[in-house]
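Shown next, in structure tokens, is the structure this report addresses.
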Amino acid sequence: RSLHLVEAFQPSPVMPPRRAHAETAGVGGTSPRVEQKRRRAFSALPTFPADASVLHPRYGALKTFQKLFWLAKKLQWYLGFPGKWAVQMARLLLFVVLLLPGFVPLLLHYACSRKVVKNVVYGAKFRHQLDIFVPRTNTQPEEKVPIVIFISGGAWIIGYKAWSFIMGQIFQRQGVLFIAPDYRNFPEVNVPDMVDDVVCAVGWILARAEGMGGDLDNVTLMGQSAGAHLSAMAIIRQAQREVKCGATSSAADASGDHRAWSPGAIRRWVGVSGPYDIINVMPLMKERGLPSRVIRALMDNDLMANSPTRLIRDFTVTNSPVVALLPEMCLFHGTADVTVEWQQSEDFAEALRQAGAKVSVKYYKGKSHTDPILEDPLLAAGDPLMEDLLELIHPHRTCSRDLRLRASLQPQLLLQWGRWCNPF
Numbered sequence: 035r036s037l038h039l040v041e042a043f044q045p046s047p048v049m050p051p052r053r054a055h056a057e058t059a060g061v062g063g064t065s066p067r068v069e070q071k072r073r074r075a076f077s078a079l080p081t082f083p084a085d086a087s088v089l090h091p092r093y094g095a096l097k098t099f100q101k102l103f104w105l106a107k108k109l110q111w112y113l114g115f116p117g118k119w120a121v122q123m124a125r126l127l128l129f130v131v132l133l134l135p136g137f138v139p140l141l142l143h144y145a146c147s148r149k150v151v152k153n154v155v156y157g158a159k160f161r162h163q164l165d166i167f168v169p170r171t172n173t174q175p176e177e178k179v180p181i182v183i184f185i186s187g188g189a190w191i192i193g194y195k196a197w198s199f200i201m202g203q204i205f206q207r208q209g210v211l212f213i214a215p216d217y218r219n220f221p222e223v224n225v226p227d228m229v230d231d232v233v234c235a236v237g238w239i240l241a242r243a244e245g246m247g248g249d250l251d252n253v254t255l256m257g258q259s260a261g262a263h264l265s266a267m268a269i270i271r272q273a274q275r276e277v278k279c280g281a282t283s284s285a286a287d288a289s290g291d292h293r294a295w296s297p298g299a300i301r302r303w304v305g306v307s308g309p310y311d312i313i314n315v316m317p318l319m320k321e322r323g324l325p326s327r328v329i330r331a332l333m334d335n336d337l338m339a340n341s342p343t344r345l346i347r348d349f350t351v352t353n354s355p356v357v358a359l360l361p362e363m364c365l366f367h368g369t370a371d372v373t374v375e376w377q378q379s380e381d382f383a384e385a386l387r388q389a390g391a392k393v394s395v396k397y398y399k400g401k402s403h404t405d406p407i408l409e410d411p412l413l414a415a416g417d418p419l420m421e422d423l424l425e426l427i428h429p430h431r432t433c434s435r436d437l438r439l440r441a442s443l444q445p446q447l448l449l450q451w452g453r454w455c456n457p458f
């Protein structure tokens, strides 16, 4: 199914009045200079792919159902039944129900708004689709906007692009082009293949973002939880590739392979509540309901090679040039996170410092694993993480700096109960 381009919700240019003098009149009575200026402005308008089906075009409804059924059976075999994971899943469902009053308006906007282009295909594999949150901006059409590529979390098992529906709408309102790619989960693939999906998605976006009005000099690759881990691994992999194969000047090589982009195309990487040392975090994951054999299978039975902190330490020992190719590395973490302890960010930041990378880290006192991206945006008191992210990514924005999307319908008592039963 081809992806045709449509005009990005911009008004048609107003034709100037006809000139009276024949010497200056062009086609239809319009001055050639004015006509040239009009065409230049029209060509500068950003264009976006059209909405696509929630099903990948290479997979029909029957094939998708069969694949999901097979994956569910395989996952149940890995996890066992009954098990601690079943209790955690029940808690997650209750958490969602308790926060529905706050979620529903935002979910409806995500589902129905023409400003959210959904299910755009970026590759041939199952779940190779992404969502684009078209920025609401007061700037001129020819002015470029910052780009955020966000990789959602989900314990490498339940990750999905739609989990970013709140963050995407906040960035959208602040004039940022926010793009959320999907990626295959376990047990269909393990972490190296998930990283490959992220690399492919980033390359696809870099090849097209400028045409969507994005500023290629201000690209942020961001991830939360497992998404922070996968995006960190993607940046490291691309730096290793560049050391081995040489610099790449574009998002795709001559063959059109979108995995050939350079880490220099990314201005900064942002990790929120991410696990960066799988060996150290493994006991806590096991306690939270993820069996050791599942973690080993996830990491392709190589925990060292899939731990960004340990990779950076190895690069330091071997004096590898990989670290010099990394962009600015920014870490954020809540001190009350019981799913991935804040020391994961501290250890990763320290390893990066020792290696000579440019790194910053900030902690949020009393914040849990999901507070910064789910619960805090529903509070009238504000969202400190989003304030910090926007100050980092788009400090000179002309949009309203009020980050509240709309008056929250979330009862505070239900929010407190939801925090209590949240498995993350």
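Residues 35 to 458, numbered by the numbering used here, are exactly what the sequence shown covers, in order. Ideal Cβ positions, reconstructed from N, Cα and C, are used throughout, including at glycine. Keep in mind it's a predicted model, so treat the numbers as computed, not measured.
By the neighbour-count criterion, in which 16 or more other beta carbons inside 10 Å mark a residue as buried, residue 266 falls on the buried side. Each of 158, 230, 223 was checked against the Cα of residue 272, and the nearest Cα belongs to 230.
Of all C-beta pairs linking the region 381-391 to the region 342-362, three or more are shorter than 8 Å, placing the two stretches in contact. For the region 250-310, the full-length alpha helix (DSSP H) segments reaching 4 residues or more read 260-279 along the chain.
Within the region 116-170, the alpha helix (DSSP H) runs of at least 4 residues that lie entirely inside it are, in chain order, 118-132, 134-146. Residue range 211-215 is occupied by the beta strand (DSSP E) that includes residue 212. A contact between stretches requires three or more CB pairs, one per stretch, nearer than 8 Å, and the region 446-455 fails this requirement with the region 234-246.
Pairing residue 310 with residue 247, the inter-Cα distance amounts to about 33 Å. Rounded to the nearest whole angstrom, the C-alpha separation of residue 389 and residue 350 is 5 Å. Residue state for residue 112 is assigned as helix, using DSSP reduced to three classes. By the CB criterion at 9 Å, residue 121 and residue 323 fall inside the cutoff. Just so you know, the alpha carbons of residue 277 and residue 405 end up roughly 38 Å apart. With the rule of 3 Cβ pairs closer than 8 Å, the region 151-169 does not count as touching the region 299-310. Rounded to the nearest whole angstrom, the C-alpha separation of residue 397 and residue 222 is 34 Å. The C-beta distance from residue 200 to residue 408 rounds to 7 Å, short enough to fall under 8 Å. In the structure shown, the three-state DSSP call for residue 313 is helix.
When secondary structure is reduced to three states using DSSP, residue 362 falls in the strand class.
Annotation for residue 184: 198, 214, 256 place their beta carbon closer than 6 Å to its own, counting only its chain and skipping 5 residues before and after. Residue 181 has 211, 253 as its beta-bridge partners, per DSSP. Of all alpha-carbon atoms in 211, 341, 306, the one lying nearest the alpha-carbon of residue 226 is that of 341.
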